[in-house]
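Visitor: Once you've had a glance at the structure underneath, I'll fire off some questions.
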Amino acid sequence: MTYLSRIRLNPLRTKTQSFLRNRQALHAVILGGLSRQPVTERVLWRLDTTNRHRLSLLVLTETRPSWEHLVEQAGWPSSDDPQAVIKAYQPLLNQVARGRQFAFRLHANPVSTTKKPTRPSPEQRDRLTASLRPRGVRVPHRTAAHQLRWLRDRLERWGFQPLTGDHGPTAYLVAQERLSFDKRDGEKSRRVTLESATFEGLIEVTDRQTAQRSLLDGVGPGKAYGMGLITLAPPHPHPAGA
Amino acid sequence: MTAEHTAISGWYLVLRLAGPLQSWGGHSQFNRRDTQAEPTKSGIIGLLAAAQGRRRHDPIEDLLGLSFGVRTDQPGSMLRDYHTVSDLRGRPLLSATVNAKRTQKTTSPPKLTHVTRRFYLQDAVFVAAVNGPRELLESLRDALYGPAFPLFLGRRACPPTQPLLLSPSDDNPQTLWPGTSLLDVLRQVPWQAGEAHRRDRDGHRRTTLPVTIDDPSGDDIRADVPVTFDPHHRDFTSRRIRQEWVVLDDDTSSTREDDHDPFALLGGDR
Chain A
1 MTYLSRIRLN PLRTKTQSFL RNRQALHAVI LGGLSRQPVT ERVLWRLDTT
51 NRHRLSLLVL TETRPSWEHL VEQAGWPSSD DPQAVIKAYQ PLLNQVARGR
101 QFAFRLHANP VSTTKKPTRP SPEQRDRLTA SLRPRGVRVP HRTAAHQLRW
151 LRDRLERWGF QPLTGDHGPT AYLVAQERLS FDKRDGEKSR RVTLESATFE
201 GLIEVTDRQT AQRSLLDGVG PGKAYGMGLI TLAPPHPHPA GA
Chain B
1 MTAEHTAISG WYLVLRLAGP LQSWGGHSQF NRRDTQAEPT KSGIIGLLAA
51 AQGRRRHDPI EDLLGLSFGV RTDQPGSMLR DYHTVSDLRG RPLLSATVNA
101 KRTQKTTSPP KLTHVTRRFY LQDAVFVAAV NGPRELLESL RDALYGPAFP
151 LFLGRRACPP TQPLLLSPSD DNPQTLWPGT SLLDVLRQVP WQAGEAHRRD
201 RDGHRRTTLP VTIDDPSGDD IRADVPVTFD PHHRDFTSRR IRQEWVVLDD
251 DTSSTREDDH DPFALLGGDR
């Protein structure tokens, strides 16, 4: 079974602010919501910041999670409103069929890999010369045009295609953000910097199996930092940007 | 509540008044040029007359019979312009006193520049509805599509942004708005505020906008009805108005979060 959860976060609380600053810490607290420890399953999540006064955290897990600790630390623990909603994901997966149309939202880390980076760091140079057939290094797409092309090139690989409107394909870039935080690795700590882009629009399912896989496994890199979760919603009559 | 102005016809001309700057003078004279918080009736009648190509001394009696209502979609903010005046020949400015020949004396000691105060609304958006005989409204609408003189929002330096005319249907941009009253029409017109203003109001599901409409039994008076625009006999009379609110159930004003609800397709089981 797969479950989708939504937890409301109170941005006025100190703990929430530390989670906002550091995706590493947020990832850790999310994994703490799973009872089967150590966590071996793939957990996808996304922080929606469209409402400045109440953030919402979406989490996709394979086992049923529990969010009391997160609500306790960063939500409104004694509020009347339910702070965490957990629902089975199967009803959505059942609706994913060839030709079905959905509105989507994706927060992703658009990157491409290259074996010839223009300015490799010392570590990258070592890695590229270490073996005969080295893995390329990831370089982020920074401009809106590159990020959109990244999305459009990959949608088909993920089992979808963007719907075409009057002004071209209906997939939009709605936000860009550079995330930067310290990742502690034992004694040492190193800086993680990620380019993130949020996409929205209307898509159609072209391949049921592939689309379900992309929904469950996520897309692109940076999944531990809240990227790669595609969410689907009913197609809205007024898509963003129209 | 008081009865509203009886509609002359069931048709309304709806204007969107938006631009970087607008300035709607009320009692402004001399060196201080104020702006009202919303468009004046004289400003709108002047705009319509300019579109038709009337000159300042041409009669405007037919336009004075129009009834008028304005809705504030985005209030904007006040801008005070630092503005100096001087004689372009470099001579001293004139004083208020006259000599024996009844010509104005120059200032002594000579005063070469002085500051005038001009006020503008920046970033404001208004929706104005005008009611009158249908033929007149249609001729005004046609004139606004091809204005004879340049149109401006209260002052010559304030050009309007497009679209100036709003129409109820996208298919036929030349249609008038049907309605039973000014208030009814101003309730129908979608919210015209810009993207940034909408974002500031994120989270308000319903939009409440202030409206000022002509009403013979209204409880307030505005002295902004022109008798004539003739520069030698400029004169204004007053009109009675009523101030109201309209509530728009505008789904574009809802938060973006609600636009995308991944739980909408997940059914009711928990």
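Chains A and B are the protein sequences, given in the same order.
Per full-length UniProt numbering, the very first residue in the first sequence carries number 1; after that it's consecutive.
Per full-length UniProt numbering, the very first residue in the second sequence carries number 1; after that it's consecutive.
The beta carbon of each residue, even a glycine, is placed where N, CA and C say it ideally should be.
No experiment lies behind these values; they were computed from the predicted model shown.
Quickly, what does DSSP pair A/G201 with across the bridge? List them, please.
Guide: Counting from one through the first sequence, the residue named residue 201 of chain A turns up at place 201. According to DSSP, which records beta bridges pairwise, A/G201 is partnered with A/F104 and A/A171.
Visitor: Decide yes or no for the touch test of the segment 98-118 of chain A against the segment 196-203 of chain A: beta carbon pairs closer than 8 angstroms, at least 3 of them.
Guide: yes
Visitor: What are the start and end residues of the alpha helix (DSSP H) that includes B/F119?
Guide: Taking the first residue of the second sequence as 1, we reach residue 119 of chain B at position 119. Run containing B/F119: none in the alpha helix (DSSP H); it sits in the beta strand (DSSP E), T113 to N131.
Visitor: For B/P262, go through chain A and note every residue whose CB falls closer than 7 angstroms to its CB, in chain order.
Guide: As a position in the second sequence, residue 262 of chain B is number 262, starting the count at 1. Under the 7 angstroms cutoff, chain A gives L4, L58, T231, L232 and A233.
Visitor: Specify the secondary structure class of A/S214 as computed by DSSP and reduced to three states.
Guide: Here residue 214 of chain A corresponds to residue number 214 of the first sequence, with the count starting at 1. Secondary structure at A/S214: helix, using DSSP grouped into helix, strand and coil.
Visitor: Could you check whether the Cβ of B/G267 sits closer than 8 angstroms to any Cβ belonging to chain A?
Guide: One-based indexing of the second sequence puts residue 267 of chain B at position 267. With 8 angstroms as the cut-off, B/G267 counts as an interface residue toward chain A.
Visitor: Rounded to the nearest angstrom, what separates B/P226 and A/Q83 at their Cα positions?
Guide: For the purposes of this step, residue 226 of chain B is taken as residue 226 along the second sequence, with counting starting at 1. For the purposes of this step, residue 83 of chain A is taken as residue 83 along the first sequence, with counting starting at 1. When rounded, the distance between both Cα atoms is 60 angstroms.
Visitor: Per the DSSP calculation, B/V98 is bridged to which residue(s)?
Guide: Within the second sequence, the letter at position 98 stands for residue 98 of chain B. B/V98 is bridged to B/Q104.
Visitor: Could you check the C-alpha separation between B/P20 and B/A49 for me, to the nearest Å?
Guide: Taking the first residue of the second sequence as position 1, residue 20 of chain B is located at position 20. Taking the first residue of the second sequence as position 1, residue 49 of chain B is located at position 49. B/P20 and B/A49: Cα-Cα distance of roughly 23 angstroms.
Visitor: Would A/A84 count as contacting chain B if we go by Cβ distances under 8 angstroms?
Guide: Working through the first sequence from its first residue, we reach residue 84 of chain A at position 84. Not closer than 8 angstroms to any Cβ of chain B, the Cβ of A/A84 fails to qualify, so no.
Visitor: Quick one: what's got a C-beta closer than 6 angstroms to A/L232's C-beta in the same chain, skipping five residues either side?
Guide: Residue numbering aside, residue 232 of chain A sits at position 232 when the first sequence is read from its first letter. Within the same chain, A/L232 has close Cβ partners F102 and F104.
Visitor: Decide if B/R32 is buried, meaning its Cβ has at least 16 other Cβ atoms within 10 Å, or exposed.
Guide: Looking up residue 32 of chain B in the second sequence gives position 32. By the 10 Å Cβ count, B/R32 comes out exposed.
Visitor: Could you confirm whether any beta carbon from chain B is found closer than 8 angstroms to the beta carbon of A/L9?
Guide: Taking the first residue of the first sequence as 1, we reach residue 9 of chain A at position 9. Not one chain B Cβ lies under 8 angstroms of A/L9.
Visitor: Go through its chain and collect everything with a Cβ distance to B/R56's Cβ below 7 angstroms, but skip five positions before and after it.
Guide: Here residue 56 of chain B corresponds to residue number 56 of the second sequence, with the count starting at 1. Closer than 7 angstroms at the Cβ level, and outside the excluded window around B/R56, lie F229, D230 and P231.
Visitor: Can you tell me where the beta strand (DSSP E) holding B/E138 begins and where it ends?
Guide: Counting from 1 along the second sequence, the entry for residue 138 of chain B is found at position 138. Element bounds for B/E138: not the beta strand (DSSP E) but the alpha helix (DSSP H), R134 to Y145.
Visitor: Could you tell me whether the Cβ of A/L215 comes closer than 8 angstroms to any Cβ of chain B?
Guide: Taking the first sequence and counting its residues from 1, one reaches residue 215 of chain A at position 215. Contacts with chain B at 8 angstroms (Cβ-Cβ) do not include A/L215.
Visitor: On the DSSP letters alone, give me the boundaries of the beta strand (DSSP E) that B/I8 sits inside.
Guide: Position 8 of the second sequence, counted from the start, is the residue given in the question as residue 8 of chain B. Where B/I8 is concerned, there is no enclosing beta strand (DSSP E), given that its DSSP letter is neither H nor E.
Visitor: At what residues does the beta strand (DSSP E) containing B/D220 begin and finish?
Guide: Walking along the second sequence from the start, residue 220 of chain B turns up at place 220. Start and end: D220 to T228.
Visitor: Look up B/P210 in the DSSP assignment and give the residues it is bridged to.
Guide: As a first step, residue 210 of chain B is located in the second sequence; it is residue number 210 there, counting from the start. B/W245, per the DSSP bridge assignment.
Visitor: Determine which residues share a DSSP beta bridge with B/M78 and list them.
Guide: Here residue 78 of chain B corresponds to residue number 78 of the second sequence, with the count starting at 1. Its beta-bridge partners are B/L121.
Visitor: Using the C-alpha atoms, what's the distance from B/I45 back to B/L151?
Guide: Along the second sequence, read from residue 1 onward, the residue named residue 151 of chain B stands at position 151. Along the second sequence, read from residue 1 onward, the residue named residue 45 of chain B stands at position 45. In a straight line, the C-alpha of B/L151 is about 11 angstroms away from that of B/I45.
Visitor: Determine the DSSP secondary structure at A/W158, reduced to helix, strand or coil.
Guide: Reading the first sequence from its first residue, position 158 is the one you call residue 158 of chain A. In this structure, A/W158 counts as coil in the three-state DSSP scheme.
Visitor: Strictly under 8 angstroms for the Cβ-Cβ distance: is A/P91 near chain B by that measure?
Guide: Along the first sequence, one-based indexing puts residue 91 of chain A at 91. Yes, A/P91 lies at the interface with chain B (some Cβ there is under 8 angstroms from its Cβ).
Visitor: Anyone know if the C-beta pair for B/G154 and B/Q52 falls short of 8 angstroms?
Guide: As a position in the second sequence, residue 154 of chain B is number 154, starting the count at 1. As a position in the second sequence, residue 52 of chain B is number 52, starting the count at 1. Their beta carbons are not under 8 angstroms apart, which means B/G154 does not touch B/Q52 by this criterion.
Visitor: Extract the residue ranges of the alpha helix (DSSP H) inside the UniProt region "Disordered" (111-131) of chain A, only unbroken runs of 4 or more that lie entirely within it.
Guide: 122-130
Visitor: By how many angstroms is the C-alpha of A/M227 removed from the C-alpha of A/L44?
Guide: As a working mapping, residue 44 of chain A is identified with position 44 in the first sequence. As a working mapping, residue 227 of chain A is identified with position 227 in the first sequence. A/L44 and A/M227 have their C-alpha atoms roughly 7 angstroms apart.
Visitor: Can you tell me the Cβ-Cβ gap for A/T206 and A/R98, rounded? I've got them flagged as a contact below 8 angstroms.
Guide: The sequence position of residue 206 of chain A within the first sequence is 206, counting from 1. The sequence position of residue 98 of chain A within the first sequence is 98, counting from 1. Correct: roughly 7 angstroms between the Cβ atoms.
Visitor: Just mark B/R270 as buried or exposed, buried being the case when its beta carbon has 16 or more other beta carbons within 10 Å.
Guide: As a working note, residue 270 of chain B is residue 270 in the second sequence. Because B/R270 sits at a pLDDT of 43, beneath the cut-off of 50, its placement in the model cannot be relied upon, and the point is left open.
Visitor: Which first and last residues belong to the alpha helix (DSSP H) in which A/P91 is found?
Guide: Translated into the one-based positions of the first sequence, residue 91 of chain A becomes position 91. Annotation: the continuous alpha helix (DSSP H) that includes A/P91 extends over Q90 to Q95.
Visitor: Nearest chain A C-beta to B/R270 closer than 8 angstroms, yes or no?
Guide: Taking the first residue of the second sequence as position 1, residue 270 of chain B is located at position 270. Summary for B/R270: the model assigns pLDDT 43, below 50, so the residue's position carries little reliability; its value from the coordinates is reported in the next sentence. Output row for B/R270: interface = yes.
Visitor: Which residues bound the alpha helix (DSSP H) around B/L63?
Guide: Here residue 63 of chain B corresponds to residue number 63 of the second sequence, with the count starting at 1. Counting along the chain, the alpha helix (DSSP H) containing B/L63 begins and ends at E61 to L64.
Visitor: Exposed or buried, which one is residue 281 of chain A when buried takes at least 16 other CB atoms within 10 Å?
Guide: Given that chain A is displayed from residue 1 to residue 242, the structure contains no residue 281 of chain A and the question cannot be resolved.
Visitor: Quick one: list the residues of chain B neighbouring A/K223, beta-carbon separation under 7 angstroms, in chain order.
Guide: Here residue 223 of chain A refers to the residue found at position 223 when the first sequence is read from its first residue. Neighbours of A/K223 in chain B, taken as residues at a C-beta separation under 7 angstroms, are lacking, since the least C-beta distance is about 17 angstroms.
Visitor: Going by DSSP in three states, A/G220 sits in which element: helix, strand or coil?
Guide: For the purposes of this step, residue 220 of chain A is identified with residue 220 of the first sequence, where counting begins at 1. Residue state, collapsed to three classes: coil.
Visitor: Spatial neighbours of A/T114 within its chain, please: C-beta separation below 7 angstroms, excluding the five flanking residues on both sides.
Guide: The count along the first sequence starts at 1 and reaches residue 114 of chain A at position 114. G136, V137 and V139.
Visitor: Is it true that the CB of A/L60 sits closer than 8 angstroms to the CB of A/I7?
Guide: For this step, residue 7 of chain A is matched to residue 7 along the first sequence. For this step, residue 60 of chain A is matched to residue 60 along the first sequence. Their beta carbons are not under 8 angstroms apart, which means A/I7 does not touch A/L60 by this criterion.
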